[in-house]
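Residue numbers (this note's numbering): 327 to 467.
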């Protein structure tokens, strides 16, 4: 997914929401104030151009199918519930705005249910996280 599309998706979140692109940017070691947060990540999409059977390497893609992944993390189940609600309200059934493209609606699908992250410790707490996916398609405007 292009950075412009990620930026358009990030702009859907309310101000003050900690949203990171590609990976969480946490303090070293992580601190309480780093949480809760959202990480937007995903692949570069599957491009389609031209008519079926009439494609060439110099076609400009006119449609791209994406799967956005959204990892939400917090230091408690209550915090996870709150950031998950914020994330889903910001993204589900929304359309990003990016110059030169129009989008289908993002549709939320849970990929990974709430799990503790035992690799990270903040004071005496282990974060909890979950992962949602949002498949969508971008079309040249």
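Here a beta-carbon is modelled for each residue, glycine too, at the ideal position from N, C-alpha and C.
- About 15 angstroms separates the CB atoms of residue 368 and residue 338; that is not less than 8 angstroms, and the two are not in contact.
- In this structure, the alpha-carbon of residue 425 lies about 45 angstroms from that of residue 450.
- The distance from the Cβ of residue 402 to that of residue 388 is about 45 angstroms, inconsistent with a contact at the 8 angstroms cut-off.
- DSSP lists 365, 457 as the beta-bridge partner residues of residue 397.
- By the CB criterion at 8 angstroms, residue 334 and residue 461 fall outside the cutoff.
- In the three-state DSSP reduction, residue 466 falls in the strand class (E or B).
- Assignment of residue 392 by DSSP, reduced to helix, strand and coil, places it in the strand class.
- Per DSSP, reduced to three states, the secondary structure at residue 438 is strand.
- Apart from the 5 residues on each side of it in sequence, residue 418 sits with its Cβ closer than 8 angstroms to the Cβ of 432, 433, 434, 460 in its chain, given in chain order.
- Residue 372 is bridged by DSSP to 391.
- In the three-state reduction of the DSSP assignment, residue 433 falls in the coil class, being assigned neither a helical nor a strand state.
- In the DSSP secondary-structure assignment, residue 451 is bridged to 448.
- When the Cα atoms are used, residue 352 and residue 331 turn out to be separated by approximately 23 angstroms.
- For the set 408, 400, 358, the Cα lying nearest the Cα of residue 448 is the one of 358.
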